[in-house]
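Report on the following structure.
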Amino acid sequence: MENDRPIFLQIAELLENAILDGSLPEETQVPSTNELAAFHRINPATAAKGVNQLVDDGTLYKRRGIGMFVSPGAREKLRTRRREEFADQYVNPLVTEARKLGISATDLKKMIDAAKERS
Amino acid sequence: MIPAIAVDNLTKRYGKFTALENVNLTLNEHRIYGLLGRNGAGKTTLMRILTAQEFATSGSVAVFGKAPYENEAVLSRVCFIKESQVYPQHLRVRHALGAAALVYPNWDERFARSLLEDFQLPADRLVKKLSRGMLSALGIIIGLASRAPLTFFDEPYLGLDAVARQLFYDRLLTDFSEHPRTVVLSTHLIDEVSALIEHVLLIDRGRIVLDDEVEAVRGQLLTVSGASRAVDEFAAAGTELHRTTLNGTARVTLRGAFVPADHDRARSLGLRVEAESLQELVVRLTASPRRPADAETAGDSPEKEILR
Amino acid sequence: MSRVLAVVRMQLLNWPINIAWPWGILFSSFLINYAIQSALVRQTVGESTTGGLLSIYTVVFVAYLISVSQDLPFALGLGVSRRTFHLASGLMLTTEALLYGTLLYLFALIERATDGFGVELAFFGLPFMSTSNPLLQILVYTVPFLLFGVLGFAVGLVFKRWGANGVLTLSVAAILAIGAAVYLITRAERWRAVGGWFVDQSTVGLFIGWPLLLVVPLAALSHLLIRRVTV
Numbered sequence: 008m009e010n011d012r013p014i015f016l017q018i019a020e021l022l023e024n025a026i027l028d029g030s031l032p033e034e035t036q037v038p039s040t041n042e043l044a045a046f047h048r049i050n051p052a053t054a055a056k057g058v059n060q061l062v063d064d065g066t067l068y069k070r071r072g073i074g075m076f077v078s079p080g081a082r083e084k085l086r087t088r089r090r091e092e093f094a095d096q097y098v099n100p101l102v103t104e105a106r107k108l109g110i111s112a113t114d115l116k117k118m119i120d121a122a123k124e125r126s
Numbered sequence: 002m003i004p005a006i007a008v009d010n011l012t013k014r015y016g017k018f019t020a021l022e023n024v025n026l027t028l029n030e031h032r033i034y035g036l037l038g039r040n041g042a043g044k045t046t047l048m049r050i051l052t053a054q055e056f057a058t059s060g061s062v063a064v065f066g067k068a069p070y071e072n073e074a075v076l077s078r079v080c081f082i083k084e085s086q087v088y089p090q091h092l093r094v095r096h097a098l099g100a101a102a103l104v105y106p107n108w109d110e111r112f113a114r115s116l117l118e119d120f121q122l123p124a125d126r127l128v129k130k131l132s133r134g135m136l137s138a139l140g141i142i143i144g145l146a147s148r149a150p151l152t153f154f155d156e157p158y159l160g161l162d163a164v165a166r167q168l169f170y171d172r173l174l175t176d177f178s179e180h181p182r183t184v185v186l187s188t189h190l191i192d193e194v195s196a197l198i199e200h201v202l203l204i205d206r207g208r209i210v211l212d213d214e215v216e217a218v219r220g221q222l223l224t225v226s227g228a229s230r231a232v233d234e235f236a237a238a239g240t241e242l243h244r245t246t247l248n249g250t251a252r253v254t255l256r257g258a259f260v261p262a263d264h265d266r267a268r269s270l271g272l273r274v275e276a277e278s279l280q281e282l283v284v285r286l287t288a289s290p291r292r293p294a295d296a297e298t299a300g301d302s303p304e305k306e307i308l309r
Numbered sequence: 273m274s275r276v277l278a279v280v281r282m283q284l285l286n287w288p289i290n291i292a293w294p295w296g297i298l299f300s301s302f303l304i305n306y307a308i309q310s311a312l313v314r315q316t317v318g319e320s321t322t323g324g325l326l327s328i329y330t331v332v333f334v335a336y337l338i339s340v341s342q343d344l345p346f347a348l349g350l351g352v353s354r355r356t357f358h359l360a361s362g363l364m365l366t367t368e369a370l371l372y373g374t375l376l377y378l379f380a381l382i383e384r385a386t387d388g389f390g391v392e393l394a395f396f397g398l399p400f401m402s403t404s405n406p407l408l409q410i411l412v413y414t415v416p417f418l419l420f421g422v423l424g425f426a427v428g429l430v431f432k433r434w435g436a437n438g439v440l441t442l443s444v445a446a447i448l449a450i451g452a453a454v455y456l457i458t459r460a461e462r463w464r465a466v467g468g469w470f471v472d473q474s475t476v477g478l479f480i481g482w483p484l485l486l487v488v489p490l491a492a493l494s495h496l497l498i499r500r501v502t503v
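Chains as they are written, first to last, in the numbering used here: chain B, 8 to 126; chain C, 2 to 309; chain R, 273 to 503.
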């Protein structure tokens with residue numbers, strides 16, 4: 008858990024990441040609040056807040072008496088949103104740092120291509 | 002809904018010394034509160050008054066809606082694990098647990114026994130022969146197994162090693178999840194518990210200086226470093242608490258309602274961003290030799306260190 | 273009431289210690305007196321009375337003093353009210369007093385039946401403490417326990433609230449009061465009358481009546497003192 012932002016957001020992010028990388032497929036059940044709290048060693052109310060955040064934005068839905076499930080289409084929606092955030096989170100700082108180091112746009116593109124080759 | 006604790010303009014004086022001054026608090030049920038502050042700030046005094054072990058000079062306190070003094074309907078629902086609890090001379094561990102079992106209606110004997118094993122506390126040992134850590138473990142076991150609707154833990158970790166402390170946090174969390182109650186945890190080890198507690202109450206020299214959700218406070222303290230101009234541009238977004246400069250670079254600690262987007266902005270300005278922990282925030286709020294109230298009005302002249 | 277009983281049970285958790293002290297000391301005192309008396313019996317004529325019985329009463333005084341200093345903070349720490357602790361202590365003291373008083377009476381009977389345990393020892397049955405009625409006799413042994421216990425409790429509370437200084441002040445005040453009384457009696461040359469008064473008091477009056485009369489204000493004082501005790 009990191010210092011820079013509320014834990015409930017970090018919980019929401021962790022669940023989103025799991026949905027994005029496929030380890031939490033659509034229509035599967037998400038761990039309960041108490042399970043999440045015990046696993047991450049955080050307050051259950053905080054875990055609940057993180058889960059509720061995802062319920063509010065439609066990523067998860069509640070099945071009464073059973074638990075929280077991943078909504079159909081959640082993966083696509085998340086992907087789209089993250090792509091929008093990608094520019095602010097990664098591209099802009101990358102460009103600023105590159106400028107500081109005097110790396111031209113051409114060189115930058117070469118670096119990106121090389122990285123993609125490797126992965 | 003009746004709050005678990007309601008403190009109204011509480012003041013406590015010992016002769017010339019003011020231990021608590023105009024404290025106002027409301028604590029709601031079924032949450033874990035962190036009661037933080039330096040030694041002598043007034044944390045224990047507050048808890049002692051809330052459990053009728055000490056008397057207020059002025060103001061009032063209500064626990065579950067009623068004054069706790071000589072009120073056993075209230076007191077039987079409260080468990081106060083003090084750092085300095087007195088145990089009668091010839092009492093053994095099992096007697097201490099037996100005593101708690103007699104006075105706490107929700108006492109869970111099985112839970113107590115499993116905790117005894119967890120902490121490896123010998124049931125037949127004389128309490129006065131226990132090491133500091135074992136004494137703390139005894140207090141923790143009583144506090145947890147009491148299942149008292151309001152449980153105070155006053156620095157319960159003294160003498161406990163990191164493994165035992167983590168055991169305490171884990172057991173507390175698990176039990177809290179399954180049997181919700183109101184917990185007030187007073188501690189110096191803020192970073193260890195910052196994920197556990199929901200709400201932080203910070204006392205400094207008898208006054209409340211912070212009373213907020215941990216999640217709201219988390220991320221409020223940021224340290225950015227880099228080119229002075231970029232730092233200054235970003236620093237306008239918050240209150241400057243500390244500044245160090247070296248040649249053309251600056252390192253500034255800021256307090257403000259920062260969100261992740263602000264971090265991104267700082268990074269795109271070429272700055273290095275470090276989020277400070279809750280402990281750091283607490284230290285900043287309680288380290289000043291001036292009273293917190295004065296600091297607010299004095300225009301916050303930040304300490305400036307010029308290194309050359 | 274159930275809460276008071278719970279606190280009594282709490283006090284009894286370590287009952288071996290509670291019983292061991294008073295009777296252990298009494299037994300030691302008895303052994304010493306028995307040994308001395310068995311050495312002396314051929315030399316003296318008639319019964320030899322000893323003050324060894326006072327030991328068990330003194331222990332009860334000390335026990336209740338210590339109880340305030342240790343058991344009270346422990347109980348308050350566990351959420352017991354001061355009033356409940358006071359009542360529980362009173363209940364325990366009364367029960368102990370009756371139990372111990374009866375036991376002492378029985379030992380006195382054995383002593384009489386065995387001619388002072390074969391050495392003409394008068395440890396349990398003291399002439400100035402005897403009365404004809406068995407029930408009253410038990411009370412003669414019992415009531416002083418109440419007095420010593422309540423006194424110990426009250427002094428314990430003084431110590432709890434005002435510390436060693438408080439107890440010292442109290443002792444000095446008591447000594448001064450006694451000193452003043454002695455002075456006045458001497459001045460008025462009334463020692464004969466004072467002595468006569470004591471002799472005139474019946475055993476019942478001396479060991480039941482007057483102590484009970486003192487127990488009441490002491491208990492009331494304890495009630496007032498305990499209300500403001502902090503731990």
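We put the CB at the ideal spot given by N, CA and C, even for glycine.
Would you call the CB atoms of residue i and residue j closer than 7 Å?
i: R:Leu-419; j: R:Leu-365; result: no
i: R:Pro-294; j: R:Val-332; result: yes
i: C:Ile-143; j: C:Pro-157; result: no
i: R:Val-430; j: R:Val-439; result: yes
i: C:Ser-61; j: C:Asp-109; result: no
i: C:Val-24; j: C:Ile-198; result: no
i: R:Val-422; j: R:Leu-490; result: yes
i: R:Met-282; j: C:Ala-74; result: no
i: C:Leu-28; j: C:Ala-63; result: no
i: C:Val-314; j: C:Val-225; result: Coverage of chain C is limited to positions 2 through 309, which leaves residue 314 of chain C absent and any answer about it impossible.
i: B:Thr-40; j: B:Pro-51; result: yes
i: C:Leu-21; j: C:Gly-207; result: yes
i: C:Arg-256; j: C:Gln-221; result: yes
i: R:Thr-414; j: R:Ala-360; result: no
i: C:Leu-211; j: C:Thr-183; result: no
i: R:Gly-388; j: R:Ala-394; result: yes
i: R:Ser-341; j: R:Gly-435; result: no
i: B:Lys-107; j: C:Gly-249; result: no
i: R:Ile-338; j: R:Leu-298; result: no
i: C:Val-384; j: C:Val-215; result: Residue coverage of chain C in this structure runs from 2 to 309, which leaves residue 384 of chain C outside it and unanswerable.
i: R:Thr-403; j: R:Val-279; result: no
Taking residue i as the query, report the chain R residues whose CB atoms sit under 9 Å from its CB, ordered along the chain.
i: C:Gly-207; result: Correct list: empty, because the minimum Cβ distance to chain R is about 18 Å.
i: C:His-31; result: Ordered by position in chain R, no residue passes the 9 Å Cβ test against C:His-31, which lies about 20 Å from the chain.
From what residue to what residue does the beta strand (DSSP E) around residue i run?
i: C:Glu-275; result: 273-276
i: B:Asn-59; result: Looking at the DSSP string, B:Asn-59 is not in any beta strand (DSSP E); the run it does join, the alpha helix (DSSP H), is 51-63.
i: C:Glu-22; result: 18-28
i: C:Glu-214; result: 208-214
i: C:Leu-203; result: 200-205
i: C:Tyr-34; result: 33-38
i: B:Phe-76; result: 74-77
Give the residues of chain B in contact with residue i, contact being defined as C-beta atoms less than 8 Å apart.
i: C:Gly-220; result: Asn-10, Asp-11, Arg-12 and Pro-13
i: C:Leu-197; result: Arg-48, Ile-49 and Asn-50
Starting from residue i, follow the alpha helix (DSSP H) in both directions and report where the run begins and ends.
i: C:His-96; result: 94-104
i: B:Tyr-97; result: That residue, B:Tyr-97, is in no alpha helix (DSSP H); it is neither H nor E in DSSP.
i: C:Ala-113; result: 110-119
i: R:Ala-278; result: 274-284
i: R:Tyr-377; result: 354-385
For residue i, return the contacting residues in chain B, with the cut-off set at a CB-CB distance below 7 Å.
i: C:Thr-337; result: There is no way to answer for residue 337 of chain C, as the model of chain C reaches only from 2 to 309.
Kindly list, in the order they appear in chain C, the residues whose Cβ is closer than 7 Å to that of residue i.
i: R:Arg-275; result: Glu-73
Give the interface partners of residue i over in chain R, defined as CB-CB distance under 7 Å, in chain order.
i: C:Gly-99; result: Leu-285
Below 8 Å on C-beta distance, what does residue i contact in chain C?
i: B:Asn-99; result: Asp-265, Arg-268 and Ser-269
i: B:Lys-117; result: Within 8 Å Cβ-Cβ: nothing; B:Lys-117 doesn't reach chain C, min ~22 Å.
Secondary structure, beta strand (DSSP E): runs of 3+ residues fully inside the segment 228-290 of chain C: 240-247, 250-256 and 273-276
The segment 392-405 of chain R contacting the segment 342-356 of chain R, beta-carbon criterion three pairs below 8 Å: no
contact_flag[the segment 229-246 of chain C, the segment 18-25 of chain B] where n(CB pairs < 8 Å) is 3 or more: no
Given 8 Å, three or more beta-carbon pairs between the segment 370-379 of chain R and the segment 441-459 of chain R: no
Contained alpha helix (DSSP H) runs [length at least 4] in the segment 437-502 of chain R, N- to C-terminal order: 463-472 and 482-498
Contact between the segment 40-57 of chain C and the segment 66-85 of chain C (3+ Cβ pairs under 8 Å): yes
Cβ contact check for the segment 254-272 of chain C and the segment 8-16 of chain B: 3 or more pairs under 8 Å: yes
Entirely enclosed alpha helix (DSSP H) segments - the segment 124-191 of chain C, minimum 4 residues: 133-146 and 163-179
Cβ contact check for the segment 86-95 of chain C and the segment 113-131 of chain C: 3 or more pairs under 8 Å: yes
Residues within the segment 23-45 of chain B neighbouring chain D, beta-carbon criterion of under 7 Å: Going by chain labels, chain D is absent from the structure shown, which instead holds the protein chains B, C and R.
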